[in-house]
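Note sheet for the following structure.
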Amino acid sequence: MAACSLGARAFKRSRLKPEIYGTTDGKVIVEDELLNFLAVKIKTLSQDEIVLLATNTFDSEAIEASKKVLFELCPGTSQRCVAYKGQHRDANNIKLCLKVLNECGSNIPRFVSYYLDELPPVTFSSLDVSCLLRRMEQLCAEVGALKHITQLQTGVRAEAVEINHRVSVLECRSGNPTASAVAAAGISPGSKKAFHHGPGNAKEPTPGVRGGEHAMAVEQVVEGLADLHIMGDAFARCPEPAQCRRDGTVAVDEATGKDPAGSVFSTGSPSWSKVARNGRAQQKTKSGATALGGHATTAGRKRSGPASIIGTGTMSTIKTVKTKIVSVFATKFSPELDADTLADYLKSKLNRVVTCQKIDNAHSRVGSFKVTAECNDIGEMYTPELWPEGALIRRYYEPRKASVVGFCRVPSERVANGHSGVDPSA
Numbered sequence: 001m002a003a004c005s006l007g008a009r010a011f012k013r014s015r016l017k018p019e020i021y022g023t024t025d026g027k028v029i030v031e032d033e034l035l036n037f038l039a040v041k042i043k044t045l046s047q048d049e050i051v052l053l054a055t056n057t058f059d060s061e062a063i064e065a066s067k068k069v070l071f072e073l074c075p076g077t078s079q080r081c082v083a084y085k086g087q088h089r090d091a092n093n094i095k096l097c098l099k100v101l102n103e104c105g106s107n108i109p110r111f112v113s114y115y116l117d118e119l120p121p122v123t124f125s126s127l128d129v130s131c132l133l134r135r136m137e138q139l140c141a142e143v144g145a146l147k148h149i150t151q152l153q154t155g156v157r158a159e160a161v162e163i164n165h166r167v168s169v170l171e172c173r174s175g176n177p178t179a180s181a182v183a184a185a186g187i188s189p190g191s192k193k194a195f196h197h198g199p200g201n202a203k204e205p206t207p208g209v210r211g212g213e214h215a216m217a218v219e220q221v222v223e224g225l226a227d228l229h230i231m232g233d234a235f236a237r238c239p240e241p242a243q244c245r246r247d248g249t250v251a252v253d254e255a256t257g258k259d260p261a262g263s264v265f266s267t268g269s270p271s272w273s274k275v276a277r278n279g280r281a282q283q284k285t286k287s288g289a290t291a292l293g294g295h296a297t298t299a300g301r302k303r304s305g306p307a308s309i310i311g312t313g314t315m316s317t318i319k320t321v322k323t324k325i326v327s328v329f330a331t332k333f334s335p336e337l338d339a340d341t342l343a344d345y346l347k348s349k350l351n352r353v354v355t356c357q358k359i360d361n362a363h364s365r366v367g368s369f370k371v372t373a374e375c376n377d378i379g380e381m382y383t384p385e386l387w388p389e390g391a392l393i394r395r396y397y398e399p400r401k402a403s404v405v406g407f408c409r410v411p412s413e414r415v416a417n418g419h420s421g422v423d424p425s426a
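So in UniProt numbering, spot 219 of the sequence shown is number 219, and the numbers just go up one at a time.
Set out below in structure tokens:
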């Protein structure tokens, strides 16, 4: 049966042109697999899915023939029958057929299929699940790695808390926790299992052996782990370890100076957190103290109060100047305009004394001026209604090195280069 189905699939029937039938009641029936597929699936699938399935199933000749028949049977459509060319010809033809079917609605012929096996299958085989499976595989790998790292961190955290508690107990019971732990464990000071491994105790790597440094590091780590086990044994041999609190202190009898277990408590060994906190505070005090009196300096402090103020007193006979000298750069004027004409125009507008200096520039096709006036506010000089239409006004920048040319001050080096504060693009 499988062989028969494979043989049927291998035999491909080719329809040169859709067959059209007419009924006695005037209806039109078109036998075309592509148009039948488009008319049925246009209600359930998206346009991209229909185009993908149709282009993968039907060839270019069948798509072109179906498009021509559709336009012949639907003369009332506003779409034009375009002859597409190029790589996306089939996709564009199918999109054009979908536009015609959507526009005509129910005023279309009845499309049927005679060869049902030629219709595109809409099953899981038409879906691209390879990308989905690949992402699921990556997600599973990431989740597994995250679980492994979380388990390691959880185990290390528990061990670190236990080690910190044991070290605090040893510090509470003796001023020298290392000697106390060694004595409690019954280890001689010259033993190989000493707690402190300095540079002199590190083993030298064997010369000529590959990976000697790595082996030395591994041995040091192993020795450190052995030391932790030794400290654990010492903690187990200490009498009544439960009397030591978590914060590094021990319940001590004030009258006898001993803890309830009977051992003498040394008050000269505070907790490490207190030592570190006090040490940082002392360093901060020393950095801010002076060499003479030891008092903190105010060099790095911020100054308080406003930088400047403006007086508001009214009952005074002293007069103040409240106006400002404002200079602006005005350009885009006619080259024939002189400074006196512009000054008279601005005086009539502002009702105050205005000084205009023309800036000469042989390389510019517009006239530019430096306009200076005494104003209460800088914004008075930047009012658009004050200036003629088309004039460009901006801030005037005083040249650093200037030589007087006529009524204007122009830098000598700018005159040589053809610049005088005017934009050349103007």
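Each residue gets a CB set at the ideal place from its N, CA and C atoms; glycine is no exception.
Is residue 147 buried or exposed, if buried means 16 or more other CB atoms sit within 10 Å of its CB?
To locate residue 147, count along the sequence shown from 1; it is residue 147. Exposed, since its Cβ has fewer than 16 Cβ neighbours within 10 Å.
Hey, quick one: how far does the alpha helix (DSSP H) through residue 439 stretch, first residue to last?
Outside the displayed range of the chain (1 to 426) lies residue 439, so it cannot be described from this structure.
What does the alpha-carbon distance come out to for the pair residue 155 and residue 173?
On the sequence shown, residue 155 is found 155 positions in, with the first residue counted as 1. On the sequence shown, residue 173 is found 173 positions in, with the first residue counted as 1. Residue 155 and residue 173: Cα-Cα distance of roughly 28 Å.
Which residue comes first and which comes last in the alpha helix (DSSP H) that contains residue 55?
Here residue 55 is taken as the residue at index 55 of the sequence shown, counted from 1. First-last of the alpha helix (DSSP H) with residue 55: 47 to 57.
Is there contact between the stretch 388 to 398 and the stretch 355 to 365, where contact requires at least three CB pairs shorter than 8 Å?
The stretch 388 to 398 is not in contact with the stretch 355 to 365.
For the stretch 95 to 106 against the stretch 72 to 81, do three or more pairs of beta-carbon atoms, one drawn from each stretch, fall closer than 8 Å, so that the two count as touching?
Touching, yes, given that three or more Cβ pairs across the two stretches are closer than 8 Å.
Considering only residues of the same chain and omitting the five flanking positions on each side of residue 114, which have a CB-CB separation below 6 Å?
Translated into positions along the sequence shown, residue 114 becomes position 114. 31.
Bridge partners of residue 370, per DSSP?
Reading the sequence shown from its first residue, position 370 is the one you call residue 370. Partner(s): 329 and 357.
Less than 8 Å separating the beta-carbons of residue 120 and residue 29?
The residue you call residue 120 lines up with position 120 of the sequence shown. The residue you call residue 29 lines up with position 29 of the sequence shown. Contact: no.
I'd like to know whether the C-beta atoms of residue 374 and residue 353 end up nearer to each other than 8 Å.
Locating residue 374 in the sequence shown gives position 374, counting from the first residue. Locating residue 353 in the sequence shown gives position 353, counting from the first residue. Yes. Within cutoff.
DSSP has residue 29 in a bridge; who is on the other side?
Within the sequence shown, the letter at position 29 stands for residue 29. Residue 29 is bridged to 21 and 110.
Assign residue 375 to one of three DSSP states: helix, strand, or coil.
Here the question's residue 375 lines up with position 375 in the sequence shown. The answer is strand: DSSP assigns residue 375 an E or B state.
Do you know whose CA, among 308, 346 and 139, lies nearest residue 384's CA?
In the sequence shown, the residue the question calls residue 384 occupies position 384. Nearest C-alpha to residue 384: 346.
Going by CA-CA distance only, name the one from 366, 87 and 85 that's closest to residue 334.
Here residue 334 corresponds to residue number 334 of the sequence shown, with the count starting at 1. Nearest C-alpha to residue 334: 366.
Can you look up residue 85 in the DSSP assignment and give me helix, strand or coil?
Indexing the sequence shown from 1 puts residue 85 at position 85. Coil.
Can you tell me whether residue 143 is buried or exposed? The criterion is at least 16 other CB atoms within 10 Å of its CB, across all chains shown.
Residue numbering aside, residue 143 sits at position 143 when the sequence shown is read from its first letter. Exposed is the call here.
Which residue wins for smallest C-alpha separation from residue 106, given the options 46, 328, 58 and 39?
Reading the sequence shown from its first residue, position 106 is the one you call residue 106. Checked all of 46, 328, 58 and 39; the closest Cα to residue 106 is 39.
I'd like to check one pair, residue 50 with residue 42: are the Cβ atoms closer than 8 Å?
On the sequence shown, residue 42 is found 42 positions in, with the first residue counted as 1. On the sequence shown, residue 50 is found 50 positions in, with the first residue counted as 1. The answer is yes: Cβ separation under 8 Å.
Relative to the C-alpha of residue 329, which residue among 395, 93 and 24 is closest?
In the sequence shown, counting from the first residue as 1, residue 329 sits at position 329. Checked all of 395, 93 and 24; the closest Cα to residue 329 is 395.
I believe residue 66 touches residue 116 by the beta-carbon criterion, under 8 Å. Please report the beta-carbon distance rounded to the nearest angstrom.
On the sequence shown, residue 66 is found 66 positions in, with the first residue counted as 1. On the sequence shown, residue 116 is found 116 positions in, with the first residue counted as 1. Their Cβ separation, rounded to whole angstroms, is 17 Å, which puts residue 66 and residue 116 out of contact at 8 Å.
Classify residue 378 as buried or exposed, calling it buried when 16 or more other Cβ atoms lie within 10 Å of its own Cβ.
As a working mapping, residue 378 is identified with position 378 in the sequence shown. With fewer than 16 Cβ atoms within 10 Å of its Cβ, residue 378 is classed as exposed.
Determine the direct distance from the alpha carbon of residue 315 to that of residue 403, and round the result to whole angstroms.
Position 403 of the sequence shown, counting from 1, holds the residue named residue 403. Position 315 of the sequence shown, counting from 1, holds the residue named residue 315. Any reading at residue 403 is ruled out, since the residue's pLDDT is 49, under 50, leaving its predicted position unreliable.
Assuming residue 95 and residue 47 form a contact by the criterion Cβ under 8 Å, report the distance between their Cβ atoms to the nearest whole angstrom.
The residue given as residue 95 occupies position 95 in the sequence shown. The residue given as residue 47 occupies position 47 in the sequence shown. About 7 Å; that satisfies the 8 Å criterion.
Can you tell me where the alpha helix (DSSP H) holding residue 63 begins and where it ends?
One-based indexing of the sequence shown puts residue 63 at position 63. Element bounds for residue 63: 60 to 73.
Which of the three DSSP states, helix, strand or coil, is assigned to residue 43?
If you number the sequence shown from 1, residue 43 lands on position 43. Coil.
Are the CB atoms of residue 56 and residue 111 nearer to each other than 8 Å?
Position 56 of the sequence shown, counted from the start, is the residue given in the question as residue 56. Position 111 of the sequence shown, counted from the start, is the residue given in the question as residue 111. Going by C-beta atoms, residue 56 is not nearer than 8 Å to residue 111.
Roughly how far, in whole angstroms, is the beta-carbon of residue 355 from the beta-carbon of residue 331, given that I think they are within contact range, below 8 Å?
Here residue 355 refers to the residue found at position 355 when the sequence shown is read from its first residue. Here residue 331 refers to the residue found at position 331 when the sequence shown is read from its first residue. Rounded, the Cβ-Cβ distance is 17 Å, inconsistent with contact.
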